[in-house]
Amino acid sequence: MGERAPIRLEPWGEDDLPLVQRLMGDPAMTEHLGGPESPEKLAERQARYARPGSGMFKVVDETGDAVGSVGFWEREWRGQKVYEIGWSVLPEFQGRGIAGHATEQAIELAREEGKHRFLHAFPSVDNAPSNAICRKLGFTFLEVCDFEFPPGNPLRCNDWRLNLRAAPEL
Ligand SMILES: CC(C)(COP(=O)(O)OP(=O)(O)OC[C@H]1O[C@@H](n2cnc3c(N)ncnc32)[C@H](O)[C@@H]1OP(=O)(O)O)[C@@H](O)C(=O)NCCC(=O)NCCS
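Using the working numbering, read the sequence shown as starting at 17 and increasing by one per residue.
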């Protein structure tokens, strides 16, 4: 990433429903994620994120304000347990390298946790910034995959994979 945005990750809090609402309840923010979620889904998501050890983090800037989210979770993929990672940055903070830097930090946490060799990201084929982030952070592009997210909504995504146990490039 050209710029290293001064942000850090914090555990998701009990009072962070407004942040979930802004990230996943907004039509522009969910353009590549199947559209805004219902109030029930948002409340469910908030409860899941706030559970200790959820793997979901709030991205905060140097003033402590929340600017987005990043997190990783376990999923089964092609018969193997892997990590999946996802990220989101509020519109007024986009374009400053925040998602890239936050994702780098989350990758490090997944690597330290060490449960799985592979970490996947599945950005929509149309999500230019997210695909750029995968490329820059050293993910390998595997293939285009057709998902339904949410169920009933077709979503064509790129499967990007990072080997967390590869020797670091010198
Ligand atoms: C995707 C998202 C998180 C990017 O956040 P961001 O903080 O603006 O991203 P960054 O500034 O870290 O980096 C984006 C990279 O994409 C590049 N980029 C941005 N728009 C681009 C475009 N249209 N075409 C190609 N590259 C583009 C940027 O130049 C940057 O690369 P650089 O560091 O080499 O300059 C943000 O747009 C978002 O939250 N979108 C809605 C939620 C979402 O789709 N999440 C992703 C799910 S996988």
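Glycine included, C-beta positions come from ideal geometry on N, C-alpha and C.
Would you mind working out which of the options sits nearest residue i, comparing C-alpha positions?
{"i": "Ala115", "options": "Lys97, Val83 and Glu129", "result": "Val83"}
{"i": "Leu39", "options": "Asn174, Glu128 and Val105", "result": "Val105"}
{"i": "Phe138", "options": "His48, Pro43 and Ala21", "result": "His48"}
{"i": "Ala59", "options": "Gly69, Arg112 and Asp31", "result": "Asp31"}
{"i": "Ile123", "options": "Phe155, Asp81 and Gly51", "result": "Phe155"}
{"i": "Arg24", "options": "Asn147, Ala144, Leu125 and Lys131", "result": "Leu125"}
Report, in whole angstroms, the separation of the C-beta atoms of residue i and residue j, which I expect to be a contact under 8 Å.
{"i": "Val75", "j": "Val86", "result": "6 Å"}
{"i": "Arg177", "j": "Leu158", "result": "6 Å"}
{"i": "Phe163", "j": "Cys150", "result": "Not a contact, Cβ separation roughly 16 Å."}
{"i": "Val36", "j": "Arg61", "result": "5 Å"}
Roughly how many angstroms separate the alpha carbons of residue i and residue j, rounded to a whole number?
{"i": "Ala182", "j": "Glu26", "result": "27 Å"}
{"i": "Tyr99", "j": "Asp142", "result": "22 Å"}
{"i": "Gly102", "j": "Thr79", "result": "24 Å"}
{"i": "His136", "j": "Gly113", "result": "20 Å"}
{"i": "Glu128", "j": "Ser70", "result": "15 Å"}
{"i": "Glu53", "j": "Asp42", "result": "8 Å"}
{"i": "Phe109", "j": "Gln96", "result": "36 Å"}
{"i": "Met45", "j": "Phe134", "result": "27 Å"}
{"i": "Gly29", "j": "Ala66", "result": "5 Å"}
{"i": "Pro166", "j": "Ala118", "result": "25 Å"}
{"i": "Met17", "j": "Leu180", "result": "Per-residue confidence for Met17 stands at a pLDDT of 47, beneath the threshold of 50, marking its modelled position as unreliable; no derived number is given."}
{"i": "Phe88", "j": "Ala63", "result": "16 Å"}
{"i": "Glu92", "j": "Asp175", "result": "14 Å"}
{"i": "Lys131", "j": "Gly168", "result": "32 Å"}
Where does residue i sit, in a helix, a strand or coil, going by DSSP?
{"i": "Asn179", "result": "strand"}
{"i": "Pro167", "result": "coil"}
{"i": "Phe157", "result": "strand"}
{"i": "Leu125", "result": "helix"}
{"i": "Arg61", "result": "helix"}
{"i": "Leu135", "result": "strand"}
Is residue i close to chain D, meaning its C-beta is less than 8 Å from at least one C-beta of that chain?
{"i": "Glu56", "result": "The structure shown contains no chain D, having only a single protein chain."}
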